[in-house]
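Colleague:
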């Protein structure tokens, strides 16, 4: 059973429950070779805080230890109390061409030795396998996974996505596995990609698999043991990793770092202060394989803590963009994410701290993509005489700049748009996440400058501004200021509120929310809107942190009346609605349906199956997740709608 | 006394000798506040391996402890055996507007308490100080530094470069300080730049200072205590750092990381495994300021070890390019390095491992700049019917690609140039550092693609290829192959050797080196040239690692005869030449003069003051360094020229 606790897009911090305890994900499972324990399982738990480990059931099955594992059970045989995953021999099939065990034998064996999680004997596809061959491997893998249900006992099954580099087969395999009641999904056949630095292909494979996999099960990226890929894989929704690398690299005299690998024979300084490295000399690491293995494990585990903290702080993208500078092939993988932005955007719910631009790739983060898409689809500019295009500024919306725009807006009947690295920004959005919270270099690279120009033209071409004159640059300000005065400050509040309402809730929302006598309660200090009252009712608030509206119950009622289902709706069953009416959160298992346009952190209407408004709140999941998850909060309710 | 042990351009690993021991640089000096010891000096040495610390003499002078420090001496008073640097109160002048001590008083006090290194009371310039004011500050600083000579006793003086943001004043101040016999140079007035994230200005200030400073003294970047800037500052030639940040940040609840700062109240995971963090919970770090300060110091010291190892491995540029993605203002600073590439190139001697492209900034590394400059100045293409421009490849010179080019070259009377991210590469250079050892992404960003095109046109415009037809792309190969056959394989070796000889040693070198009966000894496996014999003499070898020639004595004799002084010469005095003739290295203190065009790692002719050839070898320093340094090797001699 898996629960999502925190998220950053597809990336998540979760809890995986097993009979031997709870694992916090993303988690690294050290590979333990029972016949050659470089670090004992007991020490893995005690010294390294390892929560779960993985070993190879096929190797045990083939060894002299087989009977001992059957007699004692795997936990006693390995002297480890926590959850244990076992592998089936599928990887040995890749290495040696064949295995001597059947799916039935190995699944039954894993159940018999009492593994918590055990892999079906999937069929490994090589990256250069033909489509035909991969199809066969996928169908056989699916058949074996279904077969395994019969023999599993208490074993949580691990079902592996295969399909080689045929992305439609990956997605097909993943969909097939989603329909089978297993515990963990794995993505297999990727070790050759990592060995060959084919990280762009690895990204495509993970995304194709994730597209087909149901989102409520943890995903194990088989064989990814080097921390160089952890951040990227977590960003794409991988939850479990296994590392044999910590030992294998050490035995080969290689020191793992978060940005690569260093041969210990070339070590003159110790670029680490983990318990194994602190006080160590280069000679110590050269002479002591166990110590080097300890370092390799510490640095690998540490990278996952860095990743988790980045999820928690809301800067996982920045972390991944930095880490992808570790190798040009990782940079290719990062650039390749642009191809998947539409899929990733569905899961994006990031409202973090400041957005840091790290390079031209930053412009294509899902959060920026969504901003542009919603502007294009949901925003209508005011009818004015013309539009002024202002140059990009480092922080487009510093207070001074904002004041300049306000003056312009109040004194001339014109509209203004600012070029930004992330795309054009109409003046109404001068405080809105993500652009208002972004920091970009003064000196932007050519690719971003051109992208910004293309995005601006695309935006203007949609015809919004065809009605007026277009001025470029700050020099035009004087020309504008001699024109007839434009809307008043109050009109500007109105326009800002209308623009934002439609942007957040869709076309028509502004008319519904703001019909009547509107009062804007503003911050004395910043003159920014804080609350919106209509006919005396508190309809909307504005969060200072991201400049976005939060929905009050009175606002929810207006939207519910004006916008037809399924717009903005999260439909809950009868078991849930009474507590939601009392203001309690919506749990995913009670969700019947959900508007497919909603994204994590969007404001939502919680309704009954007969479309009565039950509450307003903020989504934590998207539609796919609400319908799949059995555990966890789907909507954080802000205000319930009590039955009168 | 300072000695350079290893280098990466301006960056260096050095040894600073003091009466209380040797310090390996780059080094971080923790700031110790005697009246509030968060970590005792003893623990700094014992737990953290700190070699040198810094404290503020002005604060001690003002305190009740003054007499105790005078009586006991600073080493006993602080209970620290190693070298101690003291500051003068100049920074307090910045913070409080004035100080209550005179230069004479504070210099004498520092000498009296027995500090190893002590700062002159320089005049702090603010970033927005006028030119006039900065001029006065610089002149007063220089006057005080000269004055201090009288009072210094055994104190090694620290003289600080001021000048605000007026770069010519910075250089002028630095030149003035270079003429005064002090021990350490410092760059001051930079804390406001770091506090304001003005890292691009910081880069300009460091470079302007370094241009004026003699290279044989260590350079202390005053107030740079956050590891986020260490790599960049070392790359620009800074050797010493001081950190009060480890304590101050801790007292303010901030955890330092190599990529930024995290508030401990927002800490949910521990992104570190240093001795202070290993086993710690977020709550531990929130509750225990000392523990947090320990972490902050561990992570700061660790970053310098990472930097030193990067110098040792030859990938400091990659490290800095990655770290500069920590903040958009650091990215601006990285982009700003392009303005200083000519200065940096003079010090560049990097032949490391593989060159990793991390973004459009990588194209402007000094090592790539030198490659392009030397091609433009020293390379003459063969007279052929035309030139084929081939598209860039991921690794431009994979074996297959190389074979294709060779075939083309042998079968058609044409020449070929490959576009690369780093600039155009004539076919003769298909194994030469840095392009042949570079890895770039498949998907290059627009800025690099355009830069590559501009560089190609610039190269072609020089007229080299005006004599022939120009073909573009691989499609032209067929057209070419039906033309008359071109030079034979032997001719190709000849052309390759000629091109490379002129590229490395300058125009005319090929004629001098290769006149006579030439034999190319080639690798059986790769068919690459290994040795060049002329008239039976071994003239040149080729290093497999970087595809460059090394000079044998017979070759040196030919160059010495053909190229007039000072070309390629390092002139040594009479004391040195006998041992150099025996094959011993040239030490900098014996160098009388040096060709200003030579760069670290260039092949050189060691000659006597009467221009007799004494030895051939490889430079370790450039001219400025050879003339300045009193310690260290200037030329690694390969072969001496014994007196007959």
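Chains as they are written, first to last, in this note's numbering: chain A, 517 to 1160; chain B, 517 to 1160. All C-beta atoms, glycine included, are put in the ideal place defined by N, C-alpha and C.
Name the chain B residues that come within less than 7 Å of residue 879 of chain A, Cβ to Cβ?
Modeller: The contacting residues do not exist; residue 879 of chain A stays about 11 Å from chain B at best.
Colleague: Determine the DSSP secondary structure at residue 578 of chain A, reduced to helix, strand or coil.
Modeller: helix
Colleague: Going along chain A in order, which residues have a C-beta closer than 7 Å to the C-beta of residue 822 of chain B?
Modeller: 787
Colleague: May I have the straight-line CA-CA distance separating residue 1000 of chain B from residue 1059 of chain B, to the nearest angstrom?
Modeller: At residue 1000 of chain B the pLDDT is 43, less than 50, meaning the model places this residue with poor confidence and gives no usable figure here.
Colleague: Comparing C-alpha positions only, which one of A:1127, A:799 and A:794 sits nearest to residue 817 of chain B?
Modeller: Measuring from the Cα of residue 817 of chain B, the nearest candidate turns out to be A:794.
Colleague: Can you check which of these residues, A:544, A:1028 and A:951, is closest to residue 1064 of chain A by C-alpha distance?
Modeller: Ranking the options by Cα distance to residue 1064 of chain A, first place goes to A:951.
Colleague: For the beta strand (DSSP E) containing residue 689 of chain A, list its first residue and its last residue.
Modeller: Premise fails: residue 689 of chain A lies in the alpha helix (DSSP H), 683-694, not in any beta strand (DSSP E).
Colleague: Taking Cβ-Cβ distances shorter than 8 Å, what residues in chain A pair up with residue 958 of chain B?
Modeller: 716 and 848
Colleague: Among B:610, B:1114, B:864 and B:553, which residue has its Cα nearest to the Cα of residue 593 of chain B?
Modeller: B:553
Colleague: Check each candidate in A:1149, A:1148 and A:1102 and name the one with the smallest Cα separation from residue 1130 of chain A.
Modeller: Selection A:1149, A:1148 and A:1102 evaluated against residue 1130 of chain A yields A:1102 as nearest (Cα-Cα).
Colleague: Could you give the distance in angstroms between the alpha-carbon of residue 595 of chain B and the alpha-carbon of residue 756 of chain A?
Modeller: Those two C-alpha atoms are separated by around 50 Å.
Colleague: Measuring CB atoms only, is the stretch 1024-1032 of chain A touching the stretch 1049-1056 of chain A, in the sense that at least three cross pairs come out at less than 8 Å?
Modeller: yes
Colleague: Quick check: is the beta carbon of residue 955 of chain A nearer than 8 Å to any beta carbon in chain B?
Modeller: yes
Colleague: Using beta carbons (cut-off 8 Å, strictly below), is residue 689 of chain A in contact with chain B?
Modeller: no
Colleague: Suppose only complete runs of 3+ residues qualify. What are the beta strand (DSSP E) ranges in the stretch 752-822 of chain B, listed by chain order?
Modeller: 756-759, 770-773 and 776-779
Colleague: Using beta carbons (cut-off 8 Å, strictly below), is residue 938 of chain B in contact with chain A?
Modeller: no
Colleague: What do you reckon, are the CB atoms on residue 840 of chain B and residue 832 of chain B nearer than 8 Å?
Modeller: no
Colleague: Is the shortest distance between the beta-carbon of residue 524 of chain B and the beta-carbons of chain A less than 8 Å?
Modeller: no
Colleague: When you compare each of B:1074, B:903, B:958 and B:976 to residue 1163 of chain B by their alpha carbons, which one comes out closest?
Modeller: The first residue shown for chain B is 517 and the last is 1160, placing residue 1163 of chain B beyond what the model contains.
Colleague: Quick one: Cα of residue 1154 of chain A to Cα of residue 1094 of chain A, how far?
Modeller: 15 Å
Colleague: Sort B:881, B:828 and B:865 by Cα distance to residue 852 of chain B and report the nearest one.
Modeller: B:881
Colleague: Should residue 844 of chain B be labelled buried (16 or more other beta-carbon atoms within 10 Å of its own) or exposed?
Modeller: buried
Colleague: 8 Å is my cut-off, CB to CB: does residue 754 of chain A come that close to chain B?
Modeller: no
Colleague: Using the Cα positions of residue 646 of chain A and residue 740 of chain A, report the straight-line distance between them to the nearest angstrom.
Modeller: 24 Å
Colleague: Take residue 971 of chain B and list the residues in its own chain whose beta-carbon comes closer than 7 Å to its own, dropping the five residues that flank it on each side.
Modeller: For residue 971 of chain B, where only same-chain residues beyond five positions count, the Cβ hits under 7 Å are 888, 939 and 940.
Colleague: Are the CB atoms of residue 733 of chain A and residue 682 of chain A within a distance shorter than 8 Å?
Modeller: no
Colleague: Which residues bound the beta strand (DSSP E) around residue 518 of chain A?
Modeller: 518-524
Colleague: Just confirm the distance between the C-beta atoms of residue 962 of chain A and residue 711 of chain B, as a whole number of angstroms; I'd bet it's less than 8 Å.
Modeller: Here residue 962 of chain A is actually not in contact with residue 711 of chain B; their C-beta atoms are around 31 Å apart, not less than 8 Å.
Colleague: Alpha carbon to alpha carbon, what distance is there between residue 945 of chain A and residue 956 of chain A?
Modeller: Rounded to the nearest angstrom, the gap between the Cα atoms of residue 956 of chain A and residue 945 of chain A is 18 Å.
Colleague: What runs of the alpha helix (DSSP H), each 4 residues or longer, lie entirely inside the stretch 1039-1123 of chain A?
Modeller: 1069-1078 and 1093-1097
Colleague: Scan the stretch 817-865 of chain A and note each continuous alpha helix (DSSP H) run of 4 residues or more that stays entirely inside, going in chain order.
Modeller: 832-839, 844-852 and 857-863
Colleague: Determine the direct distance from the alpha carbon of residue 564 of chain A to that of residue 558 of chain A, and round the result to whole angstroms.
Modeller: 10 Å
Colleague: With DSSP as the reference, identify every bridge partner of residue 954 of chain B, one or two as the case may be.
Modeller: Answer by DSSP bridge pairing, in chain order: B:871.
Colleague: Quick test of your reading: residue 698 of chain B and residue 677 of chain B, contact by CB under 8 Å. State the CB separation rounded to the nearest angstrom.
Modeller: The pair is not a contact, with the Cβ atoms about 12 Å apart (cut-off 8 Å).
Colleague: Evaluate contact between the stretch 602-613 of chain A and the stretch 632-641 of chain A, counting only Cβ atoms and requiring at least three cross-stretch pairs below 8 Å.
Modeller: The answer is yes - the stretch 632-641 of chain A touches the stretch 602-613 of chain A, with three or more Cβ pairs under 8 Å.
Colleague: Roughly how many angstroms lie between the CA atoms of residue 718 of chain B and residue 573 of chain A, to the nearest whole one?
Modeller: 58 Å
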